[in-house]
Amino acid sequence: FTEFRGKPYKTVHLDLKGAPPKLNYLRKILPILAAAGCDALLIEYEDMFPYRGKLANLSAGNAYTRQQIKTLLSWAHDLNIEVIPLVQTFGHLEFALKLQEFKHLREVPNFPQEVCPSRDDSFSLIEEMLRQVMLIHKGIKYLHIGADEVFHLAVCSECMARSLTSKEIYAEYLSKVAEHIHSTYPGVKPIIWDDMIRSSPHLVGTTKLPQLVEPMIWAYSPDVPQLISRHVMYWYTKYFDQIWIAGAFKGASLPTSLLPNLELRFLNQISWIQFLKRIDEPKIAGYVLTGWSRFDHFAVLCELLPPALPSLLLNLHLISLACNNQSIHEQYLYKKWLTSLSCPNNLHFTSTSLKNDNKKIISCNFPGVDLYEIIINLIEIKSKINEMEETLTKAQGWMTKYNVNHNYTNPWYMQDYKNLYVHNAVKDVISFKNYTKLTLNQYFDKHTINEWIEQNIEPLFATLRYLDKTTSQLMSRTV
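Mapping the sequence shown onto UniProt numbering, position 418 (from 1) lands on 418, and the numbers just tick up by one.
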């Protein structure tokens, strides 16, 4: 594979808007990532950045301190890892637009996703966000300004009064933001997500964008050509000096996923690499492995970073080989991967193993393996409790909706259900919850721990409470 020219950045995305790791965990994994080829971090702070002054309310109560961020940046610098901050400037501004003081900047009053690009105050907000972030990130080469998934565009009265198309308003606003960056922070190149220009890439040449930004083309499917056509790539490579590629190592399946699907995440990068072989003269600045923690600011947590480290390292080794124009031999790749996870020498993987043998990774010794094992156990516990509920309330004939509605059953069976199934399950889940909280405390603060427990373990108690209450009610009948 020889399609990459130069030295594309092998970039890892840290999405800190959900389950932000403790700094000491990041310190442990950064050298491991660097050894696997990572030479850039795309850091998406959102509300974890310590904004000040009139923007103080943008920051979450558990935001990193400025000193913590400076410490993280110094670790990256010592490892020769370039840092690229990501500051949303158009869409996905829920963390700001949910607040009363910025509500008036919404494009649609009822939806807090996008700022109105036609209001001066919108630009003032973005300008100040950029100023505060850049104050800490001095000397950077790139700044990602987001601009993806602007679902509501040119629909407010101010925008409609301008008699411009939605694409024209989008390009004009982004050009204004990018020009501000070029003039205020010389030498810093803005990056944007590409999805909003993907449907009409041939029109990009009629805008200022090619001179101002570099697009990051994202596709997380095992079939990249289904999402990104060669036609799109033709126009991108024609107009832009450089492009960026983005696959995903986590956060690209369901919004409630617990573990990345190793096979699908691996096939996503394989598909990208094979697709790029067919593109003439791709000028690739970097390849990013995104790792979303939430699908947006209001979504629940998806996969946590520590148990996703196996997926991250597998795909990082893969893209490092590709970006360095080295041949990709399956067993050589798996050996490098398992070595970086500190796995026993007798552990082997194949393409089939990626699909079926996730449990084997428990025998490794990477930072986060204990949490990986907990997630594996949680998936099994959830399955057992769901199966128990299905069996007791549907498959068996004494605790169905009919029995409950009519208070009509054999109490002897209820006694067995309660003593043999429900009580034992409650004990197991209590023990599991306590151990999980202790383990999570190694990686996350109390806010993340409480949120994750409420989203993933408390529903198990809710199911068991229902079964316990129902069996008790049905047992209480004496005639």
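We put the beta carbon where it would ideally sit given N, CA and C, even for glycine.
Check                                                                                                            : Outcome
D194 classed as buried or exposed, judged by whether at least 16 other C-beta atoms fall within 10 angstroms     : buried
Test item: CB-CB of F349 and L341 under 8 Å                                                                      : no
Contact between the region 224-240 and the region 249-260 (3+ Cβ pairs under 8 Å)                                : no
Those runs of the alpha helix (DSSP H) which lie wholly inside the region 69-138 and span at least 4 residues    : 94-97, 120-136
Same chain only: Cβ atoms within 8 Å of S200, ignoring 5 sequence neighbours per side                            : K167
Separation of E281 from F1, as counted between CA atoms                                                          : Legend: pLDDT at F1 = 44, less than 50; position of this residue unreliable, value from coordinates given subsequently. Their Cα atoms are separated by approximately 13 Å.
Local conformation of A248 per DSSP, three classes                                                               : strand
Assigned secondary structure, W292 (DSSP; H/G/I helix, E/B strand, else coil)                                    : coil
Which of helix, strand or coil DSSP assigns to K28                                                               : helix
Paired residues, beta bridge with K10 - DSSP                                                                     : Y287
Whether L464 touches A425 by CB criterion (8 Å)                                                                  : yes
Residue burial classification, F275 (beta-carbon count within 10 angstroms, cutoff 16)                           : buried
Residue range of the alpha helix (DSSP H) that includes E158                                                     : 157-160
Close-in-space but distant-in-sequence residues of the same chain around I457 (CB under 6 Å, 5 per side omitted) : K433
Cα-Cα separation between A63 and F49, rounded to whole angstroms                                                 : 6 Å
Element boundaries [beta strand (DSSP E), containing Y142]                                                       : 142-144
CB contact flag (S293, G6, <8 Å)                                                                                 : no
Residue range of the unbroken beta strand (DSSP E) whose run includes L58                                        : From DSSP, L58 is part of no beta strand (DSSP E); its letter is neither H nor E.
Other residues of its chain near A60: CB distance less than 7 Å, five sequence neighbours each side excluded     : D47, M48
Span separating the alpha-carbon of K418 from that of S271                                                       : 51 Å
Complete runs of the alpha helix (DSSP H) confined to the region 142-215 [at least 4 residues]                   : 157-160, 166-184, 209-212
Buried versus exposed call for T436 [16 or more other C-beta atoms within 10 Å across all chains shown]          : buried
Coarse secondary structure for D39, derived from DSSP in three states                                            : coil
Bridge-paired residues (DSSP) for I243                                                                           : I284
The alpha helix (DSSP H) enclosing V224, as first and last residue numbers                                       : Taken as a continuous stretch (DSSP letters only), V224 belongs to no alpha helix (DSSP H), as it is neither H nor E.
Selection from L316, Y142, Y51, A308 that minimises the alpha carbon distance to I376                            : A308
Rounded C-alpha distance that separates A246 from V12                                                            : 10 Å
Meets three-Cβ-pair contact criterion under 8 Å: the region 154-169 and the region 96-105                        : no
Cβ-Cβ separation, K10 to S472 (assumed contact under 8 Å), whole Å                                               : That belief does not hold up - the Cβ atoms of S472 and K10 are roughly 58 Å apart, past 8 Å.
Among A76, N57, D416, I381, the one whose alpha carbon lies nearest that of L26                                  : A76
C-alpha gap between Q455 and N358, whole angstroms                                                               : 23 Å
DSSP state of E389 mapped onto helix, strand, coil                                                               : helix
Nonlocal neighbours in the same chain, by C-beta distance under 7 Å from P8, ignoring five residues either side  : I284, A285, G286, Y287, C323
Bounding residues of the alpha helix (DSSP H) (the contiguous stretch that carries V300)                         : Per DSSP, V300 belongs to no alpha helix (DSSP H) and is neither H nor E.
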